[in-house]
Amino acid sequence: MPTRSAPSLSTGARVYLRSPRRADATPFLAAARSSRALHASWVRAPLTTDAFAAYVARFGRRRAAAPAHVGYLALDRTDEAPVGVFNFSEIVRGAFQSAYLGYYGFRSHAGRGLMKEALALALDAAYGPLALHRVEVNVQPGNVRSIGLVESMGFTDEGFSRRYLRIAGRWRDHRRFAMLADDWRALRRCLGKPTGRPAGPPRSSP
1 MPTRSAPSLS
11 TGARVYLRSP
21 RRADATPFLA
31 AARSSRALHA
41 SWVRAPLTTD
51 AFAAYVARFG
61 RRRAAAPAHV
71 GYLALDRTDE
81 APVGVFNFSE
91 IVRGAFQSAY
101 LGYYGFRSHA
111 GRGLMKEALA
121 LALDAAYGPL
131 ALHRVEVNVQ
141 PGNVRSIGLV
151 ESMGFTDEGF
161 SRRYLRIAGR
171 WRDHRRFAML
181 ADDWRALRRC
191 LGKPTGRPAG
201 PPRSSP
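Oh and the sequence shown: position 92 is 92 in the numbering used here, straight run, nothing missing.
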């Protein structure tokens, strides 16, 4: 079971976020393997030790000041069990300040609202420590749960992309959703909820 020796990046009432580490392999892979039916053709989580190591190498804590990929594990505060994953990819700086967000939850924690809480923390990180202006999420039209999640969080539906991504051997259509930093700050004020407690930017991998 993972320990909390690494600092959390943002903490909520029931979950907290931190960068993935190699030491997370055993609980992560167990959760991913038990969630294959839930993930179906929507997403391909790492299922082997090598695949997880490659994931950590790409999305884990970095020495670089401006990494192109940043990943967060969402963990249950009560037992440290993996709840889900949030990956910011293709982070572009300069005039764009944008990234793509991919995410998935694990079966053992499905239906408890933890992914919604964790997504709010991930957006706090996106518009806080990561200093992004725009976050885009692409969801397959049949993934009703995922669409419901981003719509409930206030993302704007920006259109439809035909045969957008190759997943599980097929080019699949996607719906595009996006949120701007101003949108999120306004939503947070409207809900009267503070942002998560960020603990600083990602540190280098052990």
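In this text, a Cβ means the ideal position worked out from N, Cα and C, and glycines have one as well. Values in this document were obtained by computation on a predicted structure and should not be read as measured data.
Which of the three DSSP states is assigned to residue i in this structure?
| i | result |
| --- | --- |
| F106 | coil |
| A13 | coil |
| W171 | strand |
| D182 | helix |
| A68 | coil |
| R166 | strand |
| S98 | strand |
| V92 | strand |
| G43 | The sequence shown places Val at residue 43, rather than the Gly named in the question. If DSSP states are grouped into helix, strand and coil, V43 belongs with coil. |
| R36 | helix |
| E136 | strand |
| R22 | helix |
| L119 | helix |
Checking the sheet assignment: what are the DSSP bridge partners for residue i?
| i | result |
| --- | --- |
| D157 | F177 |
| S86 | What sits at residue 86 in the sequence shown is Phe, not Ser. Its beta-bridge partners are Y72, Y103. |
I'd like to check one pair, residue j with residue i: are the Cβ atoms closer than 8 Å?
| i | j | result |
| --- | --- | --- |
| V56 | R14 | no |
| R61 | A168 | no |
| Y100 | E158 | no |
| P67 | L73 | no |
| L9 | A125 | yes |
| F177 | V139 | yes |
Near residue i, what residues of its chain come up, given a Cβ to Cβ distance below 7 Å and the 5 sequence neighbours on each side ignored?
| i | result |
| --- | --- |
| H133 | Q97, S98, L180, A181 |
| S89 | H69, A99, Y100, G102 |
| L187 | G154 |
For residue i, which residues in the same chain have their Cβ closer than 8 Å to its Cβ, ignoring the five residues on either side in sequence?
| i | result |
| --- | --- |
| L29 | P46, L47, T48, T49, F52 |
| R33 | L47 |
| T78 | R14 |
| A131 | Q97 |
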